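Worksheet for the structure shown next.
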Amino acid sequence: MPGSKSSTLYNVLVGLNIFFVLTILLLTLYVLISKSSTSIFTVNIQLFSNKWSPENGVYGLLTPLLGSLLVSTLAIPIVLIFSIPLVIAIVEYARGPLSRILDVIVDLTAGLPTIIFAYIGLAFLSNRLKYWVEEPLNRLLNFIPLFSCKPLTGQNIGTAALILAISTVPFTTALIREAYKMIPHSMVEALYSVGLYKEEVAYMKISMIKTAIVSAILFSTSRVLTETTIVSLLAGNQFVISSCIFTPMITIPSLIVNNFGYSTIYPLLDSVLFTSALILYAISLALNFAGLYLNKRLEVIAGG
């Protein structure tokens, strides 16, 4: 029967796609583990020290790991501050063509190459942020550890976090917007029927999609952690651990980019870089799986 043939073909294509995705996932994991095993068993616990000197065979990954975590911790709150109000503005206050235009702008911006944001940040924003934002913050709030050091250059972990946040806002906005639009119209009408104002309804709707917001945070954190171009150009790439956001620091992606060209010169460097990639891969996979799990929960709740 034609119906059964099309159903069989569909099942075969779905099975092939699943097999293809799993194969890529497992092959990537195999390559990372096999290439990093040498440094894991040779360098051992010293991989998690804060010292880095390939000339002396010292490969500590603690500094870039903390740099990656710090830049993500700084960027994600900024992303949320702008993403949630933007969703409310697009869905609740923009009407007709304006709403559709804003939707298209958000979707297009979410897909822009990050090199665009990185180059604008490097060529235009970094020095201006140093003189107009970072130095005044240091003068006024130097008693706070985050702002305690004087910014020597516009390329530091704070600048990188800000540009990362700007590049991630459209992505996070798109994720939250889709969940926001999934709220049944009957529930929205019920909120208005009890006399709530539009801003109160928006607040209630945001509270209904907390799971989706957490999921969006996880996906966005994974995106920020693995971003390479922005941090390579703007974070400063210095092996320094500091609580001050005006300090040039290095992250795992920028470590890989800046040192891969020397991997044939220094013993174990190639394997150490694969180890750092494996750490990033594991963290990113965990965040993405958690985000997908929360998305599935949201779909079940929305489906009743």
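Start counting the sequence shown at 13; every next residue gets the next number (my numbering). Glycine residues also receive a C-beta, built at the ideal position from the N, C-alpha and C atoms. Keep in mind it's a predicted model, so treat the numbers as computed, not measured.
Alpha carbons only, please: which of the options is nearest the one belonging to residue i?
{"i": "residue 226", "options": "62, 191 and 175", "result": "191"}
{"i": "residue 178", "options": "118, 224 and 289", "result": "118"}
{"i": "residue 66", "options": "241, 174, 267 and 243", "result": "267"}
{"i": "residue 139", "options": "171, 152 and 129", "result": "171"}
{"i": "residue 259", "options": "173, 188 and 278", "result": "173"}
{"i": "residue 201", "options": "293, 213 and 33", "result": "213"}
{"i": "residue 126", "options": "183, 99, 193 and 157", "result": "183"}
{"i": "residue 251", "options": "102, 152 and 72", "result": "72"}
{"i": "residue 302", "options": "272, 46, 161 and 228", "result": "228"}
{"i": "residue 120", "options": "98, 186 and 100", "result": "186"}
{"i": "residue 74", "options": "246, 197, 292 and 206", "result": "292"}
{"i": "residue 188", "options": "42, 47 and 95", "result": "95"}
{"i": "residue 150", "options": "159, 142 and 144", "result": "159"}
{"i": "residue 105", "options": "257, 210 and 280", "result": "210"}
{"i": "residue 163", "options": "203, 46, 143 and 128", "result": "143"}
{"i": "residue 45", "options": "296, 289 and 69", "result": "289"}
{"i": "residue 235", "options": "91, 36, 256 and 155", "result": "91"}
{"i": "residue 265", "options": "295, 255, 257 and 278", "result": "295"}
{"i": "residue 257", "options": "35, 166 and 43", "result": "166"}
{"i": "residue 195", "options": "221, 206 and 208", "result": "221"}
{"i": "residue 304", "options": "231, 129 and 131", "result": "231"}
Taking the continuous alpha helix (DSSP H) assigned at residue i, which residues delimit it?
{"i": "residue 216", "result": "210–220"}
{"i": "residue 193", "result": "169–193"}
{"i": "residue 243", "result": "241–246"}
{"i": "residue 121", "result": "109–122"}
{"i": "residue 145", "result": "First-last for residue 145: undefined, no H or E at that position."}
{"i": "residue 267", "result": "264–271"}
{"i": "residue 203", "result": "197–205"}
{"i": "residue 276", "result": "Here residue 276 belongs to no alpha helix (DSSP H), and DSSP marks it neither H nor E."}
{"i": "residue 131", "result": "126–132"}
In or out: residue i buried (at least 16 other Cβ within 10 Å) or exposed?
{"i": "residue 13", "result": "Because residue 13 sits at a pLDDT of 48, beneath the cut-off of 50, its placement in the model cannot be relied upon, and the following sentence gives the value as read from the coordinates. By the neighbour-count rule (16 or more Cβ atoms within 10 Å), residue 13 is not buried but exposed."}
{"i": "residue 219", "result": "exposed"}
{"i": "residue 238", "result": "buried"}
{"i": "residue 244", "result": "buried"}
{"i": "residue 298", "result": "exposed"}
{"i": "residue 272", "result": "exposed"}
{"i": "residue 21", "result": "exposed"}
{"i": "residue 199", "result": "exposed"}
{"i": "residue 116", "result": "exposed"}
{"i": "residue 27", "result": "exposed"}
{"i": "residue 217", "result": "buried"}
{"i": "residue 276", "result": "exposed"}
{"i": "residue 100", "result": "buried"}
{"i": "residue 85", "result": "exposed"}
{"i": "residue 233", "result": "buried"}
{"i": "residue 53", "result": "exposed"}
{"i": "residue 146", "result": "buried"}
{"i": "residue 32", "result": "exposed"}
{"i": "residue 157", "result": "exposed"}
{"i": "residue 93", "result": "exposed"}
{"i": "residue 135", "result": "exposed"}
So what does residue i bridge to, in DSSP terms?
{"i": "residue 70", "result": "65"}
{"i": "residue 261", "result": "248"}
Please look up how many angstroms separate the CB atoms of residue i and residue j, rounded, as I've assumed it's under 8 Å.
{"i": "residue 107", "j": "residue 223", "result": "Going by Cβ atoms, the distance from residue 107 to residue 223 rounds to 28 Å, so no, they are not a contact pair."}
{"i": "residue 87", "j": "residue 180", "result": "7 Å"}
{"i": "residue 242", "j": "residue 176", "result": "5 Å"}
{"i": "residue 79", "j": "residue 168", "result": "So it is not a contact: roughly 11 Å between Cβ atoms."}
{"i": "residue 50", "j": "residue 283", "result": "4 Å"}
{"i": "residue 263", "j": "residue 76", "result": "6 Å"}
{"i": "residue 261", "j": "residue 82", "result": "7 Å"}
{"i": "residue 59", "j": "residue 287", "result": "6 Å"}
{"i": "residue 274", "j": "residue 280", "result": "The pair is not a contact, with the Cβ atoms about 12 Å apart (cut-off 8 Å)."}
{"i": "residue 133", "j": "residue 246", "result": "5 Å"}
{"i": "residue 103", "j": "residue 193", "result": "7 Å"}
Any heavy atom of the ligand HEM inside 7 Å of the beta-carbon of residue i?
{"i": "residue 41", "result": "Ligands are entirely absent from the displayed structure, and the ligand HEM is therefore not among its contents."}
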